[in-house]
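In the working numbering, the protein residues as written are 44 to 176.
Notes follow the structure.
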Amino acid sequence: MSELKEGAVVQGEVISTKPFGAFVKLESGETGLVHISQISAKYVEKVEDELAVGATIKAKVLSIDSSGKISLSIKALSDDRPARESKGGDRRGGDRRGGRGKSPGDFEDMMKKWMKSSEERLSALAAKQKKNR
44 MSELKEGAVV QGEVISTKPF GAFVKLESGE TGLVHISQIS AKYVEKVEDE
94 LAVGATIKAK VLSIDSSGKI SLSIKALSDD RPARESKGGD RRGGDRRGGR
144 GKSPGDFEDM MKKWMKSSEE RLSALAAKQK KNR
């Protein structure tokens, strides 16, 4: 049985990526999975955009099930919610999306801006329709 405990911070090497996450060979010799939702606090479209095979990462052990499967999280190490305070791009320094301009911040902020904009447009449309009646 594994010596690892839930909540432990471990280091390992990414040995393969799949559409749903990345498999990581830990220093203990065991293999764990970082699910795509546990890679970053921001939306991750493709695992390969964030993690490359051969990269060394640190992650937190989320769980170890009865069959020995190890669930890991990179996000848990950096997701104490400071991302909302920093508006100057992503925390690793620089835009990793291939030159699309400044980083939009986290997903919730983008949704709030979109909702506000959408409500303003709907309000303006309703006022215009009311005026034309």
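Built from N, CA and C at the ideal position, the CB exists for glycine as well.
Owing to the predicted nature of the structure, the values given are computational and were not obtained by experimental measurement.
- When the Cα atoms are used, residue 95 and residue 58 turn out to be separated by approximately 9 Å.
- The Cβ-Cβ distance between residue 81 and residue 109 does not fall below 7 Å.
- Spanning the alpha carbons of residue 97 and residue 158 requires a straight line of approximately 40 Å.
- Taking the C-beta atoms as reference points, residue 103 is found nearer than 7 Å to residue 119.
- Setting aside the 5 residues that flank it on each side, residue 107 is surrounded in the same chain by 45, 47, 49 and 113, each with a C-beta closer than 7 Å to its C-beta; the list follows chain order.
- Within the stretch 79-130, the complete beta strand (DSSP E) segments of 3 residues or longer fall at 99-107 and 113-116, listed in chain order.
- Judged by DSSP secondary structure, residue 174 falls within the alpha helix (DSSP H) whose first and last residues are 150-174.
- In this chain, the beta strand (DSSP E) harbouring residue 66 covers 64-69.
- The alpha-carbon of residue 87 is positioned some 10 Å away from that of residue 64.
- Cα atoms of residue 163 and residue 62: separation of roughly 37 Å, rounded to the nearest angstrom.
- Taking C-alpha positions only, residue 155 is separated from residue 93 by approximately 25 Å.
- Per DSSP, reduced to three states, the secondary structure at residue 46 is coil, with no helix or strand assignment.
- In this structure, DSSP gives residue 72 a state outside helix and strand, which the three-state scheme calls coil.
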